[in-house]
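Beneath this line is the structure, given in structure tokens, with notes to follow.
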Amino acid sequence: MNTIKILALALSLSFGFAAIAHAGEGRGQVQVPVSAAKAVVVGPTAIHAYSGFSGAKLFVVAAVTGTDSDCQAAAQKSLGSALAADKIETLTVGAGQIACVASTGERSIELLWHAQKAAPATMMLARR
């Protein structure tokens, strides 16, 4: 019986910590309740984000804890790009930053995102 309890605890902890994605993980989904802010992904990365409904904003803040609390603390102060329904938004997240999504309307929001494919190395170099 104790083995089952330990296994259940380990699984619940691993799923709890898996909520925040890191740049190399590629894609994810975030459920945002009404009047809440959630972490999406820790940088450095660039993402495409999509929501079937409007009523949310995307923004980037400094990653202090790397959790939802970073987003919640900055949600009211941060400017962001409004998510339009059925439109893909692009967001760049630098090193030491976290991408966030905050509900701005009277409905919960589901955000789907995926990392952009890396640009070819020649395009990333500055021209002289």
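The sequence shown begins at 1 in the working numbering and counts up by one.
Just so you know, even glycine gets a beta-carbon here, dropped at the ideal spot from N, CA and C.
Straight-line gap, residue i to residue j (C-alpha atoms, nearest Å)
i      : j      : result
Glu110 : Val64  : 24 Å
Leu112 : Val41  : 11 Å
Thr138 : Arg27  : Lying outside 1 to 128, the shown extent of the chain, residue 138 is not represented and no answer is given.
Pro33  : Ser108 : 4 Å
Gly96  : Glu89  : 21 Å
Residue burial classification, residue i (beta-carbon count within 10 angstroms, cutoff 16)
i     : result
Lys57 : buried
Gln31 : exposed
Leu91 : buried
Ala21 : At Ala21, the pLDDT of 49 sits below 50, so the modelled position is not reliable; the number obtained from the coordinates is stated separately. Under this definition Ala21 is a buried residue.
Ala75 : buried
Three-state secondary structure (DSSP) of residue i
i     : result
Ser81 : strand
Ser35 : coil
Among the options, nearest to residue i - alpha-carbon criterion
i      : options                     : result
Ala49  : Gly105, Val61, Val101       : Val101
Gln29  : Lys77, Ala99, Val60         : Ala99
Gly52  : Val93, Gln76, Asp86         : Asp86
Lys117 : Gly55, Ile47, Phe59         : Ile47
Leu83  : Asp70, Thr104, Ser69, Gly96 : Thr104
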